[in-house]
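Quick notes on the structure that follows.
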Amino acid sequence: MAIRLHINHKNLDNQKESELHLMPCKIHGDECAKVSSFFKPYIREINDEYYYGSFRGYLLQGKKVIIPAEYKGITFIENKKADTENKDRHLYNTGTFSQFTYWNYDRIPSKNDALAAALDWIDIAEAVSYYFISNYYLLAVNILITLLNNFQLHSPEI
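With my numbering as the guide, the letters of the sequence shown map in order to residues 1416 to 1573.
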């Protein structure tokens, strides 16, 4: 089974930013919800970064997470779920986001949370790839210089 992502690249930069909330629970359903009516009015700002909220009577503590500037978050919807596991799934682009609010039940979100650790891998992957690309580039330049030097030493004079 393959998951196919359908992205309209022409409208990607012009799409309105979505407001996302990552909840610490599984909600059985994928219908639209009136978040602006039933959830958003109950969010209280602690400071510029942290928030209090509640969902179905549970106190939530949240934090705004900003996506790195060189990345763009994309939201998708699956119009028709696959009947069986062997069928391809098709997800369609519905919007973009540059930040989202991450919520916890029992504690203020911190660097110890799995989500924060996963997002740290973006920086780690960039640093590691830069290191390897830089080293391979230097290796390629050194090989090229060596080849050119050998070529000059062994080339017949014209």
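Note that beta-carbon positions come from the ideal geometry of N, C-alpha and C, so glycine has one too.
According to the DSSP assignment, residue 1436 belongs to the beta strand (DSSP E) that extends over 1435–1437. Residue 1437 is positioned such that its CB atom lies no closer than 8 Å to that of residue 1536. In terms of Cβ geometry, residue 1490 and residue 1516 do not form a close pair [threshold 8 Å].
Sorting 1432, 1446, 1514, 1457 by C-alpha distance to the C-alpha of residue 1534 places 1514 at the top. At a Cβ-Cβ threshold of 8 Å, residue 1506 and residue 1421 count as neighbours.
Ranking 1450, 1512, 1454 by CA distance to the CA of residue 1484 puts 1512 first.
Around residue 1479, the same chain offers 1464, 1514, 1516 as residues with beta carbons nearer than 7 Å, after the five sequence neighbours per side are excluded. By the criterion of a C-beta distance shorter than 6 Å, residue 1435 is surrounded in its chain by 1512, 1515, once the five residues flanking it on both sides are discounted. If you draw a straight line from the Cα of residue 1495 to the Cα of residue 1538, it is about 35 Å long. Selection 1470, 1439, 1441 evaluated against residue 1450 yields 1470 as nearest (Cα-Cα). A residue is called buried once 16 or more other Cβ atoms fall within 10 Å of its Cβ, and residue 1520, having fewer, is exposed. A Cβ-Cβ distance of about 5 Å is found for the pair residue 1417 and residue 1503, placing them in contact under the 8 Å criterion.
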